[in-house]
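Numbering (our numbering), first residue to last: 359 to 658.
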Ligand code: BTN
């Protein structure tokens with residue numbers, strides 16, 4: 359990992375950078391982190407780094423990423439947002455490396471340094487919790503649209519992105535609903551970009567853009583596309599354009615019309631994936647002809 363903060367201070371303060379970097383590490387150990395103002399002007403990151411300064415300069419969004427925090431290392435970007443729910447809507451936390459990246463169903467998310475994109479954003483839609491399930495679809499569309507279009511990446515319900523049958527990205531939406539307050543939704547996105555290998559336990563199911571295309575991915579550019587897409591897709595969600603979300607999601611998936619098995623709360627159901635209803639629930643038709651609406655589960 360390149361110490362981005364060291365570059366930032368080197369640019370302005372000569373060799374004091376190392377002292378600042380050292381302090382930065384100390385502060386991080388104490389749980390105090392360097393935020394955006396100290397990063398402004400940092401632009402000497404290597405191509406493998408995420409260039410936060412360039413990202414901030416190019417970002418033209420209404421909500422997403424107006425407040426942006428970068429961590430060379432953190433436990434989990436979702437967790438960092440959860441600790442800071444008073445951040446404005448659209449606040450984004452990006453990390454180069456997560457020590458405790460979280461996946462769905464209590465799984466961990468492999469988050470090595472210098473390779474992937476790990477980010478979370480905070481949404482505060484003025485809607486009841488039952489209307490929020492389709493935020494996962496919204497995030498899926500934003501993510502797959504940021505992945506170079508010449509790849510044949512596909513959305514897999516509810517929140518995976520597969521490339522050549524292996525997982526390339528995942529989405530973890532966590533909702534925090536407190537009585538009397540608007541629900542806060544943390545949308546966490548992990549994308550495997552420049553990984554050249556994966557740990558043995560996931561190497562048969564995980565892949566990266568680099569492994570599939572042979573090309574390095576510019577993480578700054580990909581982060582920029584992702585944040586811009588999230589901004590526009592979230593706007594459509596807020597305007598209630600569910601038909602658009604469902605149409606786009608369907609266009610990016612190849613699972614409809616196929617036989618699938620869905621596990622939900624220990625129960626397995628096999629049937630044909632018919633499509634998504636306007637609320638983003640999966641319509642599964644079982645061999646007895648009945649149609650079931652599923653709002654969560656694991657698809658096999
Ligand atoms: C899954 O497919 O299981 C969801 C994976 C989500 C991973 C991302 S990485 C950024 C954010 N922070 C986390 O701890 N998890 C999400």
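Quick reminder that beta carbons are idealized off the backbone N, C-alpha and C, glycines included.
- Cβ-Cβ separation between residue 640 and residue 545: approximately 20 angstroms, too far for a contact (criterion under 8 angstroms).
- Taking 7 angstroms as the cut-off, one finds no heavy atom of the ligand BTN near enough to the beta carbon of residue 550.
- In the displayed model, residue 578 falls within a helix according to three-state DSSP.
- With distances taken between CA atoms, residue 415 lies nearest to 582 out of 510, 469 and 582.
- The secondary-structure analysis by DSSP pairs residue 466 across a beta bridge with 460.
- Counting C-beta pairs with one atom in each stretch, the region 426 to 439 and the region 454 to 462 have three or more that are closer than 8 angstroms, which means they touch.
- Spanning the alpha carbons of residue 642 and residue 492 requires a straight line of approximately 17 angstroms.
- Take residue 513, set aside five residues on each side of it, and the residues of its chain with a beta-carbon closer than 7 angstroms to its own are 498, 502, 519, 607, 610 and 611, in chain order.
- Residue 408 and residue 600 have their C-alpha atoms spaced approximately 33 angstroms apart.
- Counting of Cβ neighbours within 10 angstroms places residue 522 among the exposed residues, the total staying below 16.
- Check the Cα spacing between residue 487 and each of 468, 418 and 533: the tightest is with 533.
- The Cβ atoms of residue 654 and residue 483 do not sit closer than 8 angstroms to each other.
- Just so you know, the alpha carbons of residue 649 and residue 413 end up roughly 45 angstroms apart.
- Counting along the chain, no alpha helix (DSSP H) covers residue 519; the unbroken beta strand (DSSP E) around it starts and ends at 518 to 521.
- The DSSP-derived three-state label of residue 529 is strand.
- A straight line joining the alpha-carbon of residue 419 with that of residue 645 spans about 46 angstroms.
- Cβ neighbours of residue 449 within its own chain (closer than 6 angstroms, five residues either side excluded): 425 and 480.
- One Cα belongs to residue 615, the other to residue 447, and the distance between them is close to 38 angstroms.
- Residue 439 places its beta carbon 8 angstroms or farther from that of residue 476.
- In terms of Cα proximity to residue 511, the closest of 442, 550 and 537 is 550.
- By the CB criterion at 8 angstroms, residue 541 and residue 490 fall inside the cutoff.
- The secondary-structure analysis by DSSP pairs residue 512 across a beta bridge with 520.
- For residue 431, the beta-bridge partners assigned by DSSP are 455.
- Remark: the C-beta of residue 546 is in contact range of the ligand BTN, defined as less than 7 angstroms to any heavy atom.
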